[in-house]
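Numbering that gives the first Met the number 0 puts the sequence shown at residues 0 to 374.
Heads up: the structure comes next, in structure tokens.
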Amino acid sequence: MKQFIKILFLFVTCSTFAQPRLKTFKPGEIWPDNNGVHINAHGGGFLYYNETYYWFGEHKISGELGNRAMVGIHAYSSKDLYNWKDEGIVLKMHEDTISMFQKGCTLERPKVVYNKKNKKFVMWFHHELKGQSYQSALAGIAVSDYVTGPFKYITSFRLHPNSLPTNFSTEQLENAELVDNVKDEKNKQKIIGGAYFKRDYEMGQMSRDMTIFVDEDDTAYHITASEENQTLLISKLSDDYLSLTKEFIRIFPGGRNEAPAIFKKGNHYFMFTSDLTGWKPNPARLAVSKSIMGEWEFVGNPCRGDREEKNNTFWSQSTFVIPVYGKKDAFIFAADRWRPENPIDGSYVWLPIKFKNNLPFLEWKDSWNLSIFKK
Ligand code: GAL
């Protein structure tokens, strides 16, 4: 009898407090985790490992201070993409005020990849040193033996000091003319010609909004907004994913792209980006290429809908494209709806990627589920 009462008690408490199972995505709305708390993982990156999805993102706090890294990187896990279990803070900011990785610096857009050879989880992120606004423009790395951490901060750096991309010659470097004002339209041609690339040649190139893409052959690439956010750089990672190789390209010089998110379908790579308007939304862009290190081409705004929706990417900015496992050609566009005045209120806009004539496009949905994708 005692045992029966115990079981009954457990059943009643569990069913009272358990979160209802979610069966749909509701873009832009509060998204409760297993504890009923709105998911706190902004600028997120996703990893599928051991038949489980992992979501890593910026943990924000309330108030404007929340735009700085006061806590660290938060992770969640899920079997079905709707219901997410809080796995806690997997990379903690250092308390020590001498550390480059101290509380109050800026840590954005973490992306975790799993290296099959050395069995390490490697996190790449955008790192700005405390008190330097966005001027440090560093790429940072942290590593863990376990998917849910703890990750250990390793280093942060500028990219490719004293090195040239494969699509930019010594002659181009010599001929590049320096400029000191990114906003001056007259400087546009000089920026395209490598003005900022030349300025940063010795100290290394800037790295702000970034992502990591792992190709089918396990080669990984770092894609980042460089040259004062005017130009994207794509760099091949080393086999252990812990550094960049010397192989890199400069794409869309002077094109002003942020928030890169890449995926591959068939023989094509697709990349969503945004324009540069800080936390405010702007029209998304879609680029396509037959090779990651190849000739990328813009094919326009991927959003369909009314003017406002197209001009604001459904009030969001891309962060990642999630491949849905077990379904062919099923991809989710994952984006952030930022709330810089109270960053913890930021929400997530996830939309199914649809295709017409083999080109991806996005349409608003108040609510949707994975049955939208064919098997
Ligand atoms: C956005 C960028 C964010 C953050 C913000 C700061 O454009 O995508 O990651 O850096 O600017 O203003």
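Heads up, the beta-carbon is just placed ideally off N, CA and C, and yes, glycines get one too.
Does the distance between the C-beta of P109 and the nearest non-hydrogen atom of the ligand GAL fall short of 8 Å?
Mapped onto the sequence shown, residue 109 falls at position 110. If you check the C-beta of P109 against the ligand GAL, you find no heavy atom less than 8 Å away.
State yes or no: is the C-beta of M209 within less than 9 Å of the C-beta of W123?
Looking up residue 209 in the sequence shown gives position 210. Looking up residue 123 in the sequence shown gives position 124. It is a contact, given that the beta carbons lie within the stated cut-off.
Just the Cα atoms here: how many angstroms apart are T12 and N33?
Along the sequence shown, one-based indexing puts residue 12 at 13. Along the sequence shown, one-based indexing puts residue 33 at 34. In this prediction, T12 has a pLDDT of 48, which is less than 50 and means its spatial position is unreliable; what the coordinates show is noted afterwards. Taking the straight line joining both Cα atoms gives about 15 Å.
So L285 packs on S234, CB below 8 Å; how close in whole Å?
Locating residue 285 in the sequence shown gives position 286, counting from the first residue. Locating residue 234 in the sequence shown gives position 235, counting from the first residue. Not a contact, Cβ separation roughly 22 Å.
If we ignore side chains and look at the alpha-carbon of each, how far apart do E28 and F332 end up?
Within the sequence shown, numbered from 1, the residue matching residue 28 stands at position 29. Within the sequence shown, numbered from 1, the residue matching residue 332 stands at position 333. Each residue's Cα considered, the two are about 16 Å apart.
Which whole-angstrom value is the C-beta distance of L361 and P26, which I expect to be below 8 Å?
Residue 361 sits at position 362 when you count from the first residue of the sequence shown. Residue 26 sits at position 27 when you count from the first residue of the sequence shown. With a Cβ gap of about 10 Å, L361 and P26 do not count as contacting.
Just list the residues that DSSP pairs H41 with in beta bridges.
Residue 41 sits at position 42 when you count from the first residue of the sequence shown. Per DSSP, E57.
Same chain only: Cβ atoms within 8 Å of F45, ignoring 5 sequence neighbours per side:
Within the sequence shown, the letter at position 46 stands for residue 45. If we look at F45 and ignore the five residues flanking it on each side, its Cβ neighbours are Y52, Y53, W54, F55, F319, I321, A333.
Just to confirm, is the Cβ distance from P375 to A219 under 9 Å?
Look at the range of the chain in this structure, 0 to 374, and you will see that residue 375 is not part of it.
Which residue comes first and which comes last in the alpha helix (DSSP H) that contains L232?
Start at 1 with the first residue of the sequence shown, and residue 232 comes out as number 233. Looking at the DSSP string, L232 is not in any alpha helix (DSSP H); the run it does join, the beta strand (DSSP E), is 230-236.
Using DSSP bridges, identify the partner residues of A224.
Start at 1 with the first residue of the sequence shown, and residue 224 comes out as number 225. Looking at the DSSP assignment, A224 forms a beta bridge with L231.
Please give the ranges of any alpha helix (DSSP H) in the stretch 155-215, keeping only runs that are unbroken, at least 4 residues long and fully inside the region.
169-174, 187-191, 194-198
Evaluate contact between the stretch 193-200 and the stretch 113-129, counting only Cβ atoms and requiring at least three cross-stretch pairs below 8 Å.
Look at the beta carbons and you see the stretch 193-200 not touching the stretch 113-129: under three pairs across the two are nearer than 8 Å.
With a Cβ-Cβ cutoff of 9 Å, do Y268 and G43 count as a contact?
As a first step, residue 268 must be located in the sequence shown, where it is residue number 269. As a first step, residue 43 must be located in the sequence shown, where it is residue number 44. The answer is no: Cβ separation not under 9 Å.
Length of the line joining the Cα atoms of F156 and L243:
Mapped onto the sequence shown, residue 156 falls at position 157. Mapped onto the sequence shown, residue 243 falls at position 244. Cα to Cα, the separation comes out at about 11 Å.
Looking only at DSSP bridge pairs, what is R336 linked to?
Stepping through the sequence shown from its first residue, residue 336 is reached at position 337. Bridge partners of R336: S346.
Buried/exposed call for N356, threshold 16 Cβ in 10 Å
As a working mapping, residue 356 is identified with position 357 in the sequence shown. Classification for N356: exposed.
CB of L249 within 9 Å of CB of F167, strictly
Numbered from its first residue, the sequence shown carries residue 249 at position 250. Numbered from its first residue, the sequence shown carries residue 167 at position 168. Rather than Leu, the amino acid found at residue 249 in this sequence is Arg. For R249 and F167, yes; Cβs fall inside 9 Å.
I'd like to know if the stretch 188-195 and the stretch 169-178 are in contact, where contact means that at least 3 CB-CB pairs between them fall below 8 Å.
yes
Taking the beta strand (DSSP E) that E257 belongs to, which residues open and close that run?
The sequence position of residue 257 within the sequence shown is 258, counting from 1. Looking at the DSSP string, the run of the beta strand (DSSP E) that includes E257 is 257-264.
Could you pull the start and end residues of the alpha helix (DSSP H) that E308 belongs to?
As a working mapping, residue 308 is identified with position 309 in the sequence shown. First-last of the alpha helix (DSSP H) with E308: 306-311.
Among R303, P342, L369, F354, which has the Cα closest to the Cα of G325?
Within the sequence shown, residue 325 is the residue found at index 326, counting from 1. Residue L369 is the option with its Cα nearest to G325.
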